[in-house]
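Colleague: Under our numbering, residues 4 to 379 are what the sequence shown spells out, in order. Ideal Cβ placement from N, Cα and C applies to all residues, glycine included.
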Amino acid sequence: MKTQLGCSNGPALRILLVQAENLRWRQARSYPYCLNFAFEDGLRANGIECLMVTTPWISRIRDICGEKQFDQVWINDLSHFCDFNISLEEIIDLAPIRVGFVTESVDYYQDEYEAFPWLRERRARIDKQFKYVTHIAAVDEQDVLNLKQRFDKPTMWLPCSMPEGYIYEQVSTPAKKMALFSGSVYGKRVNWLKEPKLKTMLAYQKSPNSRLVDATLFNLLPGHRFGRWMNNRLFPAHHIYPVYLDWLRQLRRKAHTLWLQGMQAGAAVVNLPHLVKGYSSRVIEGLASGRPVISWEIPDRPKNTALFEDGHEILLYSTPEQLATQIERVLSDPDFGERIAQNARNKVRRFHTTEKRVQQIVHWVGATDEAQDYRY
Numbered sequence: 004m005k006t007q008l009g010c011s012n013g014p015a016l017r018i019l020l021v022q023a024e025n026l027r028w029r030q031a032r033s034y035p036y037c038l039n040f041a042f043e044d045g046l047r048a049n050g051i052e053c054l055m056v057t058t059p060w061i062s063r064i065r066d067i068c069g070e071k072q073f074d075q076v077w078i079n080d081l082s083h084f085c086d087f088n089i090s091l092e093e094i095i096d097l098a099p100i101r102v103g104f105v106t107e108s109v110d111y112y113q114d115e116y117e118a119f120p121w122l123r124e125r126r127a128r129i130d131k132q133f134k135y136v137t138h139i140a141a142v143d144e145q146d147v148l149n150l151k152q153r154f155d156k157p158t159m160w161l162p163c164s165m166p167e168g169y170i171y172e173q174v175s176t177p178a179k180k181m182a183l184f185s186g187s188v189y190g191k192r193v194n195w196l197k198e199p200k201l202k203t204m205l206a207y208q209k210s211p212n213s214r215l216v217d218a219t220l221f222n223l224l225p226g227h228r229f230g231r232w233m234n235n236r237l238f239p240a241h242h243i244y245p246v247y248l249d250w251l252r253q254l255r256r257k258a259h260t261l262w263l264q265g266m267q268a269g270a271a272v273v274n275l276p277h278l279v280k281g282y283s284s285r286v287i288e289g290l291a292s293g294r295p296v297i298s299w300e301i302p303d304r305p306k307n308t309a310l311f312e313d314g315h316e317i318l319l320y321s322t323p324e325q326l327a328t329q330i331e332r333v334l335s336d337p338d339f340g341e342r343i344a345q346n347a348r349n350k351v352r353r354f355h356t357t358e359k360r361v362q363q364i365v366h367w368v369g370a371t372d373e374a375q376d377y378r379y
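1. To test your reading of the DSSP string, which unbroken beta strand (DSSP E) runs of 3 or more residues are found completely within the stretch 206-277?
2. Under 8 Å, do Ala41 and Phe73 count as touching if we go by C-beta distance?
3. Going by C-alpha to C-alpha distance, which of Ile330, His277, Ser284 and Thr322 sits closest to Asp119?
4. Check the C-beta distance from Ser164 over to Cys37 and give it rounded, since I have them as a contact under 8 Å.
5. Buried or exposed: which applies to Ser284, given that a residue is buried once 16 or more other Cβ atoms fall within 10 Å of its Cβ?
6. What separation, rounded to the nearest whole angstrom, lies between the Cα atoms of Pro1 and Trp367?
7. In angstroms with no decimal places, state the Cα-to-Cα distance between Tyr320 and Val273.
8. From the DSSP secondary-structure annotation, give me the bridge partner or partners of Met165.
9. Thr219: buried (16+ other C-beta within 10 angstroms of its C-beta) or exposed?
10. Pick out whichever of Tyr247, Val279 and His138 has its Cα sitting closest to the Cα of Glu115.
11. Going by DSSP in three states, Asn39 sits in which element: helix, strand or coil?
12. Between the Cα of Glu380 and the Cα atoms of Thr322, Asn25 and Glu288, which residue gives the shortest distance?
13. Please check the pair Ile100 and Leu91, which I expect to be a contact at CB under 8 Å, by giving their CB distance rounded to whole angstroms.
14. Could you spell out where the alpha helix (DSSP H) holding His83 opens and where it closes?
15. So, under 8 Å CB-CB, Trp262 and Ser210 are touching, yes? Tell me the CB distance rounded to an integer number of Å.
16. Considering only their Cβ atoms, is the gap separating Asn49 from Gln363 smaller than 8 Å?
17. If we define contact as Cβ-Cβ less than 8 Å, is Pro59 a contact residue for chain D?
18. Can you check the stretch 72-144 for any beta strand (DSSP E) of at least 3 residues that lies completely inside it and give the ranges in chain order?
19. Taking 8 Å as the cut-off, decide whether the C-beta atoms of Asp66 and Ala23 are in contact.
20. Identify the continuous alpha helix (DSSP H) that holds Ile330 and give its terminal residues.
21. Decide if the stretch 141-160 is in contact with the stretch 237-245; the criterion is three or more beta carbon pairs, one per stretch, under 8 Å apart.
22. Considering just the uninterrupted stretch of the alpha helix (DSSP H) at Thr308, what are its terminal residues?
23. Leaving out five residues on either side along the sequence, give the residues of the same chain with a beta carbon under 6 Å from the beta carbon of Leu318.
24. Could you tell me if Pro302 is buried or exposed, where buried requires 16 or more neighbouring beta carbons within 10 angstroms of its beta carbon?
25. Mapping DSSP to helix, strand and coil, what is Ser62?
26. Determine the direct distance from the alpha carbon of Leu26 to that of Gly226, and round the result to whole angstroms.
27. Should Leu215 be labelled buried (16 or more other beta-carbon atoms within 10 Å of its own) or exposed?
28. So, helix, strand or coil for Val56, using DSSP?
29. Whole angstroms are fine: how far does the CA of Val188 sit from the CA of Trp121?
30. Compute the Euclidean distance between the alpha carbons of Ala370 and Pro157, then round it to the nearest angstrom.
31. Using a Cβ-Cβ cut-off of 7 Å (strictly less than) and excluding sequence neighbours within five positions of Leu224, which residues of its own chain qualify?
32. May I ask you to report which of helix, strand or coil DSSP gives Ile287?
33. Excluding five sequence neighbours on each side, which residues of the same chain lie with their C-beta closer than 6 Å to the C-beta of Pro166?
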């Protein structure tokens, strides 16, 4: 249902969404839809005038925007913007309010910095981006406190969400009587997948959204790997860019649908330990796909843990033994797994759709420092 946000008697709110996008499908396919293009869906569903500009085209942002005026700029996201050689200085005078999203943790533990030295470098690059924004929305609840203190800017917590249209109503019987993990295999995940206790009940599933045709089309898009020459000032951006964006949307939506359908192949979706200290996109994707989700319980993040009730809407674990027990519960009692999955879908539909999250961001920006409650 479409709602109208903005002035009650005035025009709709106008937001420029600056979206991080990679040039190659090999890297770009790992960008979760629910953390990128979904925000465009959520803005439009709320009656907000939205123009999205992706990073391959940010050098032409003035040509693309033309004479348009904006109330806000949303930068999605600073975690990935720091991977590109791009300055956000261009966006400072595009709108008085500039909201920077952070979809990865900014701060990490000492042992994580030692295992992944690039995290320190990324933090330094992210820190440089904060001077260009007026508001910060972070996925890690501890970062919310730290960033607000360090940069003295309004900061809100931003848990993952899912566009309502991608929440499945009917789900078929799983093809495999196993729990599945889909995603990057790094760090401790390698050992988890080799655990003897888990070998017969947990399988790794390769991403289903890596088809050669889609990868080739993505890489050939204007401004991308093989189409960079079309992002040239000799070509009129206001003609080329809308066509580019339409093709990109189609590829992103198709890949997202294939990803969700792939999650339905197993009896449960497993979220293995990860670096970000908030539920990864895999959790909300698994819940939306209609399968019970068994997730690593993130230490020292009570708000995150409270998003979904353990044993009723999600199943949590901290050790390989606990993970094996939770998987066995689902495999031995399919009705129990279906109840967990249905309860979770109900929760997502009521409180964690992207449409709802967009409303929360807009209202928070309008009433800075107003706390958001996601625990219902």
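Modeller: On the basis of the data shown:
1. Correct list: 271-274.
2. No, these two residues do not count as a Cβ contact at 8 Å.
3. Checking the sequence shown, residue 119 turns out to be Phe, not Asp. Minimum Cα distance to Phe119 is reached at His277.
4. The C-beta distance from Ser164 to Cys37 rounds to 6 Å, short enough to fall under 8 Å.
5. With 16 or more other Cβ atoms within 10 Å, it is buried.
6. The requested residue 1 does not occur in the structure, where the chain is confined to residues 4 to 379.
7. Tyr320 and Val273: Cα-Cα distance of roughly 10 Å.
8. According to DSSP, Met165 bridges with Thr356.
9. The residue in question, Thr219, is exposed, as its Cβ has fewer than 16 Cβ neighbours within 10 Å.
10. Ranked by Cα distance from Glu115, the first of Tyr247, Val279 and His138 is Val279.
11. Three-state result, Asn39: coil.
12. Absent from the model: residue 380. The displayed extent of the chain is 4 to 379, so no value can be given.
13. In fact, because the Cβ distance is near 14 Å, the residues do not count as touching under 8 Å.
14. Start and end: Leu81 to Phe84.
15. Contact holds; Cβ gap of about 7 Å.
16. Their beta carbons are not under 8 Å apart, which means Gln363 does not touch Asn49 by this criterion.
17. Absence of chain D from the displayed structure is noted, only one protein chain being present.
18. As far as the stretch 72-144 is concerned, its whole beta strand (DSSP E) runs of at least 3 residues are 75-79, 100-105 and 138-141.
19. Not closer than 8 Å, so no.
20. Pro323 to Ser335 is the span of the alpha helix (DSSP H), which, as asked, contains Ile330.
21. By the C-beta criterion, the stretch 141-160 is judged not to be in contact with the stretch 237-245, since fewer than 3 inter-stretch pairs fall below 8 Å.
22. Unbroken alpha helix (DSSP H) run through Thr308: Pro305 to Thr308.
23. Within the same chain, Leu318 has close Cβ partners Ile297 and Gln329.
24. Burial check for Pro302: the Cβ neighbour count within 10 Å stays below 16, so the residue is exposed.
25. If DSSP states are grouped into helix, strand and coil, Ser62 belongs with the helices.
26. For the pair Gly226 and Leu26, the Cα-to-Cα distance works out to about 8 Å.
27. Result: exposed.
28. The DSSP-derived three-state label of Val56 is strand.
29. A direct Cα-to-Cα measurement between Trp121 and Val188 gives close to 17 Å.
30. Taking the straight line from one Cα to the other gives about 10 Å.
31. Within the same chain, Leu224 has close Cβ partners Gly230, Tyr247, Trp250 and Leu251.
32. DSSP places Ile287 within a helical segment (H, G or I) once states are collapsed to three.
33. For Pro166, where only same-chain residues beyond five positions count, the Cβ hits under 6 Å are Ala41, Asp44 and Thr357.
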